[in-house]
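Numbering (the working numbering), first residue to last: 21 to 198. A virtual CB, placed ideally from N, CA and C, is assigned to each residue, including glycine. These figures come from a predicted structure and were not determined experimentally. Reading through the structure tokens given below for one structure.
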């Protein structure tokens with residue numbers, strides 16, 4: 021097995037996704053991603069992998085809008101942030117609290133997850149967790165790739181948007197200790 025191989029899993033539903041399912045899955049991924057990297061090969065988190073399997077908290081449009089150290093970069097990505105009314109925000113936060121407790125997790129993860137739950141359409145959420153450009157202008161590809169469009173329910177699959185969430189992670193290995 022070559023080191024350039026990896027685990028790619030496409031997750032889909034016969035009848036499509038709804039917005040709640042997507043929010044729950046992305047939340048789950050945020051909570052397990054760093055732990056998965058810690059358990060697996062060191063090169064999974066290596067700098068050279070940053071543009072191919074970036075962490076959601078670093079390599080997405082939303083992450084750059086929330087956490088980038090450069091204020092201008094945060095400003096450029098501000099359009100990725102959720103735009104919900106106060107009523108929608110209160111309803112979404114209540115819905116989030118029914119599914120996840122963010123009080124006991126890292127502040128950065130908590131802020132990211134709270135923002136995930138503020139999106140009101142599948143397409144806006146998909147755009148928020150899509151990749152972003154790094155400082156060199158290279159496109160960053162998050163380890164979680166959402167290929168779904170829609171409002172509250174996903175649209176029928178197309179060649180560009182097949183209606184799946186793709187998890188791309190872990191180098192291939194024959195090492196039993198990995």
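Residue i versus residue j: straight-line alpha-carbon distance, rounded
{"i": "residue 84", "j": "residue 148", "result": "10 Å"}
{"i": "residue 162", "j": "residue 107", "result": "31 Å"}
{"i": "residue 92", "j": "residue 155", "result": "12 Å"}
{"i": "residue 46", "j": "residue 157", "result": "26 Å"}
{"i": "residue 1", "j": "residue 105", "result": "Shown here, the chain extends from 21 to 198; a query on residue 1 therefore has no answer."}
8 Å contact criterion, which residue i and residue j should meet: CB distance rounded
{"i": "residue 173", "j": "residue 38", "result": "5 Å"}
{"i": "residue 135", "j": "residue 101", "result": "7 Å"}
{"i": "residue 56", "j": "residue 129", "result": "About 14 Å separates the two Cβ atoms, so there is no contact after all."}
{"i": "residue 171", "j": "residue 142", "result": "6 Å"}
{"i": "residue 86", "j": "residue 131", "result": "6 Å"}
Assigned exposure category for residue i - 16 Cβ within 10 Å defines buried
{"i": "residue 178", "result": "exposed"}
{"i": "residue 97", "result": "buried"}
{"i": "residue 159", "result": "exposed"}
{"i": "residue 29", "result": "exposed"}
{"i": "residue 205", "result": "This structure does not reach residue 205, given that the chain is present from 21 up to 198, and the question cannot be answered."}
Within the chosen definition, does the stretch 166 to 181 reach the stretch 72 to 79 through at least 3 CB pairs nearer than 8 Å? no
Contact between the stretch 30 to 47 and the stretch 176 to 191: three or more CB pairs below 8 Å? yes
Jot down the residue ranges of each uninterrupted beta strand (DSSP E) in the stretch 125 to 171, minimum 3 residues, whole runs only, in chain order. The qualifying runs are 164 to 167.
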